[in-house]
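Following: one structure in structure tokens, then a few remarks.
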Amino acid sequence: MGKDIREDIAWAQINKDVLASVQSPRKLYWVILFIALAVFGVGIGCEVMNYRIGLGVSNMDNPHVWGLYIATFIFWIGMSHSGTLLSAILHLMHADWRKPIYRFAEAMTTFSLMTAGLFVAVHLGRLWQIYYALPYPNERWTWPNFQSPLLWDAMAIFTYLSSSVIFLYIGSIPDLAICRDNIQAGWRKKLYSILSLGWEGTDRQWRNFRITYMTVACFLIPLAVSVHSIVASDFAMSQQPGWHVTSFPPYFVAGALYSGCAAIITLFVILRYVFKFEEYMTLPILRKTVRLTFAIAMVWTYLNCIEFASAWYGHSQADKAVLIQKATGPYAPFWWSMIFCGSVVPFAMMVKKWQVNIPIMFAVSLLLNLGMWLERWMIVSPTFAHGYYPWSWDHDQWPSLVQWGIVFGSFGWFTLLFMVFCKIIPSVSMYEVKEMVYHRTLAKKKEELGLEGGH
Amino acid sequence: MSVSNLLENWSKYRHTHPLDDGGHADWNAYPSPIKWAMSIDLDACTGCNACSVACYAENNLPVVGKDKYAHGQAMHWMRIERYWGEPEKAIDEFDSAMNFQLVAQNFDVDQGAQFLPMLCQQCEAAPCETVCPVGATNHTEDGLNSQIYNRCIGSRYCSANCPYKVRYFNWYSYPDQEHAWPEPLNQQLNPDLTVRTKGVMEKCTFCKQRTYTARNDAKTEGREIRDEDVQTACQQACPTGAISFGNLFNPESTVAKQWSAQQVDLVKEKQDKDGTPDNKLRGYRILEELRPFPSIMYLERVRESAV
Numbered sequence: 010m011g012k013d014i015r016e017d018i019a020w021a022q023i024n025k026d027v028l029a030s031v032q033s034p035r036k037l038y039w040v041i042l043f044i045a046l047a048v049f050g051v052g053i054g055c056e057v058m059n060y061r062i063g064l065g066v067s068n069m070d071n072p073h074v075w076g077l078y079i080a081t082f083i084f085w086i087g088m089s090h091s092g093t094l095l096s097a098i099l100h101l102m103h104a105d106w107r108k109p110i111y112r113f114a115e116a117m118t119t120f121s122l123m124t125a126g127l128f129v130a131v132h133l134g135r136l137w138q139i140y141y142a143l144p145y146p147n148e149r150w151t152w153p154n155f156q157s158p159l160l161w162d163a164m165a166i167f168t169y170l171s172s173s174v175i176f177l178y179i180g181s182i183p184d185l186a187i188c189r190d191n192i193q194a195g196w197r198k199k200l201y202s203i204l205s206l207g208w209e210g211t212d213r214q215w216r217n218f219r220i221t222y223m224t225v226a227c228f229l230i231p232l233a234v235s236v237h238s239i240v241a242s243d244f245a246m247s248q249q250p251g252w253h254v255t256s257f258p259p260y261f262v263a264g265a266l267y268s269g270c271a272a273i274i275t276l277f278v279i280l281r282y283v284f285k286f287e288e289y290m291t292l293p294i295l296r297k298t299v300r301l302t303f304a305i306a307m308v309w310t311y312l313n314c315i316e317f318a319s320a321w322y323g324h325s326q327a328d329k330a331v332l333i334q335k336a337t338g339p340y341a342p343f344w345w346s347m348i349f350c351g352s353v354v355p356f357a358m359m360v361k362k363w364q365v366n367i368p369i370m371f372a373v374s375l376l377l378n379l380g381m382w383l384e385r386w387m388i389v390s391p392t393f394a395h396g397y398y399p400w401s402w403d404h405d406q407w408p409s410l411v412q413w414g415i416v417f418g419s420f421g422w423f424t425l426l427f428m429v430f431c432k433i434i435p436s437v438s439m440y441e442v443k444e445m446v447y448h449r450t451l452a453k454k455k456e457e458l459g460l461e462g463g464h
Numbered sequence: 097m098s099v100s101n102l103l104e105n106w107s108k109y110r111h112t113h114p115l116d117d118g119g120h121a122d123w124n125a126y127p128s129p130i131k132w133a134m135s136i137d138l139d140a141c142t143g144c145n146a147c148s149v150a151c152y153a154e155n156n157l158p159v160v161g162k163d164k165y166a167h168g169q170a171m172h173w174m175r176i177e178r179y180w181g182e183p184e185k186a187i188d189e190f191d192s193a194m195n196f197q198l199v200a201q202n203f204d205v206d207q208g209a210q211f212l213p214m215l216c217q218q219c220e221a222a223p224c225e226t227v228c229p230v231g232a233t234n235h236t237e238d239g240l241n242s243q244i245y246n247r248c249i250g251s252r253y254c255s256a257n258c259p260y261k262v263r264y265f266n267w268y269s270y271p272d273q274e275h276a277w278p279e280p281l282n283q284q285l286n287p288d289l290t291v292r293t294k295g296v297m298e299k300c301t302f303c304k305q306r307t308y309t310a311r312n313d314a315k316t317e318g319r320e321i322r323d324e325d326v327q328t329a330c331q332q333a334c335p336t337g338a339i340s341f342g343n344l345f346n347p348e349s350t351v352a353k354q355w356s357a358q359q360v361d362l363v364k365e366k367q368d369k370d371g372t373p374d375n376k377l378r379g380y381r382i383l384e385e386l387r388p389f390p391s392i393m394y395l396e397r398v399r400e401s402a403v
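Which chain is which? The protein sequence lines are A and B, in order. Quick note on numbering: the first sequence equals residues 10 to 464 in the working numbering. Quick note on numbering: the second sequence equals residues 97 to 403 in the working numbering.
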């Protein structure tokens, strides 16, 4: 396997290439931006209907009180986790190959959390009273219910979102200073001057920066694990068949990392082309990401088997009935597609040639995420269709176009935020890529000199 | 707003488990401790739906129309479920989930249709209460699940966690819809309670407006609640007298007598059922094994085959 990136790129060249990305991307950028805006518009239209007429337009009904909104909410929360995996966990493990791709992965974390937050709002029957869920002091002395997993959920997400924004921002400060120094005109100059907080790159600043960055990284890692465990608690702490599963928290975390890694591959391919990052987002890095994704795919498959086995051997007839319903009932096509996309498709990532084949990996990553979206849907809906009480079984409910429209629109919203971000903040970390080149060059020199202990 | 204040306030409305003790009941407003409970005799039920209609009239339930009803968006707090086939057979063949499905779909009309009036079971350890993020559904001292419409934000978690699926969500702004109360039905709206806006959850209250009045009257007159003080709308309308309702803590009430005759106790663990096969006991509570401690006892139908 080749080196992660070419070692003889000059530092000035790195600055030039990355700064070009925020100024003159390929035309495709604007096409993507326009499409994202249009898709988001569809979502807005649907939400206006949802809000004004009432949630009935989503076609939800009395057993099916939750639907695609909650499923897609979990999907977006899940997608956020891999950003933290790449930026914080691999940072602590000194995995150098993450350096050119962690910035956009961290941005993905932030923006998918923002997208997930919207679904909480969309889902509520009385959106205008959403602040009741906040523990704020008021003259009525009423508090939210601290026993409710939904409240833990809201708190976990707010904490995770604010921490990952801070982490993303702190990590970009040296790069923002480079932008400030190289872009001399317009609103960008002002923006970068403010955001870079007077960074000069002195020894002391670097030392403080390192400590801060490491501290926030350490803080973020337990959050990443806890957030999706808490989302899993929404289901696992309830009493319903198919939800009341002890293995849900690790299962959700594995699923989250899985869909997140798949999304990183998708975005990797897009950014590499749109921002001409071929030199930085190289094929060896793609290969490593693909291998990581494959490993997580197998963990997810294993946990899936555990879930099925515990339902099958658990002697809870209602649980078993839900499982059988998933595999043979009206949800069967989606359930089997989930198995296919989530557990069969990843074997394409075992083929060494395909690991660096961009079109194939792009297609695979999209299929994986389709599978992971279906997984969330298959967790939420079949339980409502086939719960404890046979009279309330409803196998015919189908989400309306309004519901699908909002799900569709959320992808536009995410793409919009993400693409605008990449045009303003450098999506490749310049200073860390320089570290790579520096380390590598040093190691090479040492090799040439015949010294031991190369990096 | 201090933390101690928060905890005190909060714990007041979070009942402890019925197994531990009776909770932190504050009986000042009550003539004596009350636990509202019901028993429904399925042998007497003819499935006439009068209880359901009475509930619509008493509790300002909107009529949603054919389309929304077919969509499962109806608001019937009291619903009559119709079953075919013998539950006995269903229980015998309940050995695998597959059979469970087969039996549920099996049309066995030999014994005729079987009816079951289903309403909120007012569980003592209610799965709906703990999950509400804003605490809009709570347990009252007299043993009811209260639903605070003004506090509800419509997350629908309560309904998701309800094993009986007896909570109904306002999917639309029903009071604004023409078929909710077409003229002159709007004239009979009950002024003792509200109509509900879109986006809130609602469910059976055991006719809260009636029990509240009865309890105040008893308190004023300085006596205990008696059976004749209060009837729920469904009970009042039932032509065969299948429903009885009253204070379970009062041993003289019909409900208390029925419960003890059937050896049904509010707390499942304290139940001491006569295990002999020909014990003639008909009382049971639905999904009791999930331990929500429901407050409604059903009396099994006496089948011709068993006589």
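All C-beta atoms in this analysis are idealised placements derived from N, C-alpha and C, irrespective of residue type, glycine included.
> What residue from Val442(A), Ile187(A) and Leu46(A) has the CA that sits closest to glycine 210(A)'s CA?
Replying inline: Ile187(A)
> If valine 326(B) sits next to aspartate 139(B), beta carbons under 8 angstroms apart, how far is it from one beta carbon to the other, in whole angstroms?
Replying inline: 24 angstroms between Cβ atoms; not a contact.
> Contact check, serine 63(A) vs proline 408(A) under 8 angstroms by CB: the rounded distance?
Replying inline: Going by the sequence as given, residue 63(A) is glycine instead of serine. With a Cβ gap of about 16 angstroms, glycine 63(A) and proline 408(A) do not count as contacting.
> Where do the N-terminal and C-terminal ends of the alpha helix (DSSP H) with isoleucine 244(B) fall, by residue?
Replying inline: Taken as a continuous stretch (DSSP letters only), isoleucine 244(B) belongs to no alpha helix (DSSP H), as it is neither H nor E.
> Would a check of beta-carbon distances place tyrosine 264(B) closer than 7 angstroms to chain A?
Replying inline: yes
> Taking just the CA atoms, how far does glutamate 56(A) sit from isoleucine 415(A)?
Replying inline: 7 angstroms
> What are the partner residues of methionine 69(A), as DSSP defines its beta bridges?
Replying inline: Answer is none; methionine 69(A) lacks a bridge partner.
>> Please classify isoleucine 388(A) as buried or exposed, where buried requires at least 16 neighbouring CB atoms within 10 angstroms.
In response: buried
> Interface residues of chain A around cysteine 147(B) at Cβ under 9 angstroms?
Replying inline: Per Cβ cutoff of 9 angstroms: no residues; cysteine 147(B) is ~16 angstroms from chain A at best.
> Under 7 angstroms between C-beta atoms, does tyrosine 260(B) make it to chain A?
Replying inline: yes
> Quick one: does histidine 167(B) have its CB under 7 angstroms from some CB of chain A?
Replying inline: yes
> Helix, strand or coil for histidine 235(B) per DSSP?
Replying inline: strand
>> I need the DSSP call for tryptophan 173(B), collapsed to helix, strand or coil.
In response: coil
>> In whole angstroms, give me the CA-to-CA distance for threonine 226(B) and phenylalanine 244(A).
In response: 13 angstroms
> Roughly how far, in whole angstroms, is the beta-carbon of arginine 252(B) from the beta-carbon of glycine 134(A), given that I think they are within contact range, below 8 angstroms?
Replying inline: 7 angstroms
> What is the DSSP secondary structure of isoleucine 136(B), reduced to helix, strand or coil?
Replying inline: strand
> Rounded C-beta distance between leucine 94(A) and glycine 269(A)? I'm assuming under 8 angstroms.
Replying inline: 7 angstroms
>> Given a cut-off of 7 angstroms on the beta-carbon distance, is the pair valine 331(A) and histidine 395(A) in contact?
In response: yes
>> So, for alanine 125(A): in the same chain, excluding its five sequence neighbours on each side, which residues have a beta-carbon less than 6 angstroms away from its beta-carbon?
In response: Phe82, Trp85 and Ile86
>> Can you tell me where the beta strand (DSSP E) holding phenylalanine 257(A) begins and where it ends?
In response: Segment 257–283 is the alpha helix (DSSP H) holding phenylalanine 257(A); no beta strand (DSSP E) there.
> My guess is that valine 51(A) and asparagine 59(A) are in contact by the Cβ rule of under 8 angstroms, so how many angstroms apart are they, rounded?
Replying inline: Their Cβ separation, rounded to whole angstroms, is 13 angstroms, which puts valine 51(A) and asparagine 59(A) out of contact at 8 angstroms.
>> With three or more C-beta pairs closer than 8 angstroms as the rule, is the stretch 289–309 of chain A touching the stretch 356–367 of chain A?
In response: yes
>> Can you tell me whether aspartate 163(B) is buried or exposed? The criterion is at least 16 other CB atoms within 10 Å of its CB, across all chains shown.
In response: exposed
>> Am I right that proline 223(B) and proline 388(B) are in contact with their C-beta atoms under 8 angstroms? What's the rounded C-beta distance?
In response: 6 angstroms
> Where arginine 219(A) and leucine 177(A) are concerned, what is the direct C-alpha to C-alpha distance, given to the nearest angstrom?
Replying inline: 14 angstroms
>> Just verifying my parser: in three-state terms, what is the DSSP assignment at phenylalanine 345(B)?
In response: coil
> Once you ignore the five residues that flank arginine 319(B) on each side, which residues in its own chain have a CB closer than 7 angstroms to its CB?
Replying inline: Pro127
> My guess is that cysteine 248(B) and cysteine 300(B) are in contact by the Cβ rule of under 8 angstroms, so how many angstroms apart are they, rounded?
Replying inline: About 16 angstroms separates the two Cβ atoms, so there is no contact after all.
>> Tell me the DSSP secondary structure of isoleucine 14(A) in three-state form.
In response: coil
> Any idea which residues DSSP pairs leucine 204(A) with across the strands?
Replying inline: In the DSSP output, where bridge partners are listed per residue, leucine 204(A) has none listed.
>> Quick check: is the beta carbon of methionine 97(B) nearer than 7 angstroms to any beta carbon in chain A?
In response: Below a pLDDT of 50, predicted positions are generally treated as unreliable, and methionine 97(B), at 48, falls in that range; no measurement from the model is reported.
> Going by Cα to Cα distance, which pick from Val442(A), Glu456(A) and Lys455(A) is closest to isoleucine 14(A)?
Replying inline: Val442(A)
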